[in-house]
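Colleague:
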């Protein structure tokens with residue numbers, strides 16, 4: 004083991020760890036506890052070290068090595084890992100830009116923009132957006148949001164709060180989801196979505212917009228965070244059902260372009 008560790012440029016402790024987690028088994032263990040490695044083990048260690056250099060986690064390396072030995076399996080694993088690294092790079096670049104902005108402003112004796120300082124640190128829905136609508140959708144909406152001044156962001160937030168408050172007022176006032184008031188407000192809600200770049204509603208894609216609204220309606224109804232945003236769980240559920248009804252009508256009579 005010690006000889007292999009020295010030749011591979013790693014520690015004996017690393018080899019012991021690989022043995023313990025089942026990643027690299029020695030050919031045999033002597034009565035004195037020494038581990039002995041043959042050609043197959045050395046070949047496997049070479050692949051482990053090559054994959055480790057890419058930053059791939061040991062669990063993923065184990066999956067690659069346990070799969071049938073074909074180039075396609077390794078290519079697929081590396082492709083997935085590359086996508087993950089690219090996502091991390093985008094996030095890191097935003098953090099670098101934020102720090103560079105702060106450093107530049109401080110060097111000039113000026114106050115940095117608070118929103119730019121926080122860019123990349125406050126993207127709490129990044130993973131969810133990417134999983135549902137892709138990286139491009141997140142980047143488009145993220146750049147649009149961080150391109151706003153703090154004042155513009157506050158105005159947008161105030162409009163969003165008013166939108167949700169109106170849903171609660173309609174629900175508490177006894178309106179039904181198919182009432183004119185509720186359906187008019189559902190139309191306003193969709194118009195609000197259209198303002199956000201990266202969303203299917205902004206692009207005018209009717210089919211994908213309907214899928215998006217259905218997904219969001221489910222979130223409104225089941226996610227406690229949205230219950231808080233709407234004021235009550237009942238208001239969130241009311242809005243969800245009204246939106247479902249609204250898009251059902253769109254689905255029955257689809258316009259040629261949602262932006263029109």
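Residue numbers (my numbering): 4 to 263. Don't be surprised by glycine CBs; every beta carbon is placed ideally from N, CA and C.
In chain order, which continuous runs of the alpha helix (DSSP H) of length 4 or greater are located wholly inside the region 18 to 99?
Modeller: With a minimum length of 4 residues, the continuous alpha helix (DSSP H) runs that stay inside the region 18 to 99 are 42 to 56, 61 to 69.
Colleague: Please tell me whether residue 68 and residue 50 are closer than 8 angstroms, where the distance is taken between their beta carbons.
Modeller: Start at 1 with the first residue of the chain shown, and residue 68 comes out as number 65. Start at 1 with the first residue of the chain shown, and residue 50 comes out as number 47. Cβ distance < 8 angstroms, so residue 68 and residue 50 count as in contact.
Colleague: Counting Cβ pairs closer than 8 angstroms, one from the region 164 to 174 and one from the region 239 to 252, do we hit at least three?
Modeller: Touching, per the Cβ criterion.
Colleague: How would you call residue 145, buried or exposed, if buried means at least 16 neighbouring beta carbons within 10 angstroms?
Modeller: For the purposes of this step, residue 145 is identified with residue 142 of the chain shown, where counting begins at 1. Its Cβ being crowded by 16 or more others within 10 Å, residue 145 is buried.
Colleague: Specify the secondary structure class of residue 182 as computed by DSSP and reduced to three states.
Modeller: Here residue 182 refers to the residue found at position 179 when the chain shown is read from its first residue. The answer is coil: DSSP assigns residue 182 none of H, G, I, E or B.
Colleague: My assumption, with CB atoms under 8 angstroms, is that residue 283 sits in contact with residue 58. Please give the rounded CB distance.
Modeller: The structure shown does not extend to residue 283, since the chain spans only 4 to 263, so no value can be given for it.
Colleague: If I'm right that residue 100 touches residue 80 with Cβ under 8 angstroms, what's the distance once you round it to whole angstroms?
Modeller: Counted from its first residue, the chain shown places residue 100 at position 97. Counted from its first residue, the chain shown places residue 80 at position 77. The Cβ separation is near 31 angstroms, so there is no contact.
Colleague: Please classify residue 204 as buried or exposed, where buried requires at least 16 neighbouring CB atoms within 10 angstroms.
Modeller: Along the chain shown, read from residue 1 onward, the residue named residue 204 stands at position 201. When all chains shown are included, residue 204 counts as buried.
Colleague: Which residue wins for smallest C-alpha separation from residue 244, given the options 181, 226, 208?
Modeller: Translated into the one-based positions of the chain shown, residue 244 becomes position 241. Answer by Cα proximity: 181.
Colleague: Is it buried or exposed for residue 40, if we count other Cβ within 10 angstroms and need 16 for buried?
Modeller: By one-based count along the chain shown, residue 40 stands at place 37. So residue 40 counts as buried.
Colleague: From residue 253 to residue 231, what distance separates their C-alpha atoms?
Modeller: On the chain shown, position 250 is the one that residue 253 refers to. On the chain shown, position 228 is the one that residue 231 refers to. Those two C-alpha atoms are separated by around 28 angstroms.
Colleague: Mind listing, in chain order, the continuous alpha helix (DSSP H) runs of no fewer than 4 residues lying wholly within the region 189 to 249?
Modeller: Taking only runs of at least 4 residues, the alpha helix (DSSP H) segments lying wholly in the region 189 to 249 are 203 to 206, 209 to 225, 227 to 233.
Colleague: Is residue 111 helix, strand or coil by DSSP?
Modeller: To locate residue 111, count along the chain shown from 1; it is residue 108. Residue 111: coil per DSSP, three-state reduction.
Colleague: Is it right to say residue 246 is buried, meaning 16 or more other beta carbons lie within 10 angstroms of its own, or is it exposed?
Modeller: Indexing the chain shown from 1 puts residue 246 at position 243. It counts as buried.
Colleague: Return the Cβ separation of residue 201 and residue 163 in integer angstroms, given the expectation that the two are a contact with Cβ distance under 8 angstroms.
Modeller: For the purposes of this step, residue 201 is taken as residue 198 along the chain shown, with counting starting at 1. For the purposes of this step, residue 163 is taken as residue 160 along the chain shown, with counting starting at 1. In fact, because the Cβ distance is near 16 angstroms, the residues do not count as touching under 8 angstroms.
Colleague: Considering only the beta carbon of each residue, do residue 48 and residue 86 sit closer than 8 angstroms?
Modeller: Position 45 of the chain shown, counted from the start, is the residue given in the question as residue 48. Position 83 of the chain shown, counted from the start, is the residue given in the question as residue 86. Taking 8 angstroms as the Cβ cut-off, residue 48 and residue 86 do not qualify as a contacting pair.
Colleague: Take residue 170 as the anchor and find which of 223, 111, 156, 148 has the nearest alpha-carbon.
Modeller: On the chain shown, position 167 is the one that residue 170 refers to. Closest by alpha carbon: 223.
Colleague: When you compare only the Cα positions, how much space is there between residue 211 and residue 196?
Modeller: The residue given as residue 211 occupies position 208 in the chain shown. The residue given as residue 196 occupies position 193 in the chain shown. Going by the C-alpha atoms only, they are around 13 angstroms apart.
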